[in-house]
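Undergrad: At position 42 of the sequence shown (counting the first as 1) the number is 104 in this note's numbering, and the numbers step up by one without a gap.
In this text, a Cβ means the ideal position worked out from N, Cα and C, and glycines have one as well.
Source: prediction; values computed, not measured.
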Amino acid sequence: MTLEDLRQTCISLPHVTEDVKYGTDLCFSIGNKIFCGTRIEGPFRTGIKCEESDFAHLVEREGIVPMPRLSKTFWIRIEKANSLTPAEWKNYLRKSYALVLSTLPLKVRQSLK
Numbered sequence: 063m064t065l066e067d068l069r070q071t072c073i074s075l076p077h078v079t080e081d082v083k084y085g086t087d088l089c090f091s092i093g094n095k096i097f098c099g100t101r102i103e104g105p106f107r108t109g110i111k112c113e114e115s116d117f118a119h120l121v122e123r124e125g126i127v128p129m130p131r132l133s134k135t136f137w138i139r140i141e142k143a144n145s146l147t148p149a150e151w152k153n154y155l156r157k158s159y160a161l162v163l164s165t166l167p168l169k170v171r172q173s174l175k
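(1) Excluding the five sequence neighbours on either side, which residues of its own chain have a C-beta within less than 7 Å of the C-beta of Tyr-154, listed in chain order?
(2) DSSP beta-bridge partners for Glu-80?
(3) Would you list, in sequence order, the uninterrupted alpha helix (DSSP H) runs of no fewer than 4 residues that lie entirely inside the stretch 107 to 168?
(4) Examine the ligand COA and report whether any of its heavy atoms sits within less than 7 Å of the Cβ of Arg-123.
(5) With three or more C-beta pairs closer than 8 Å as the rule, is the stretch 159 to 166 touching the stretch 86 to 102?
(6) Are Glu-141 and Arg-101 closer than 8 Å when you measure CB to CB?
(7) Check this for me: beta carbons of Asp-87 and Gly-104, under 8 Å apart or not?
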């Protein structure tokens, strides 16, 4: 998964915005809540939210670790792009999007329709 592949997958989802935050992170959000953040420069690192049922087996893979300070809410940091297949990348990015969307206040979700 290249940065451009990741970007294209994320922005293909409805109502996604992208923004550079913290100086070097390209963040993808829904309703002003981040569902994916990736480094633009430096070593590859991408953070996404995952389902509780996926968390344990994902962090057992080489190149995937619990996200510091966010692992209690099932965020992972992918440190090697090839830790997931292209199909898995798309699947987990969509799941992260859906999980974050589901936590938005009802008014915000309704405004996105």
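TA: Reading from the atomic positions:
(1) Ile-110, Cys-112 and Leu-146
(2) Phe-90
(3) You should have 114 to 121 and 148 to 165.
(4) For the ligand COA, the structure offers nothing, since it holds no ligand at all.
(5) yes
(6) no
(7) no
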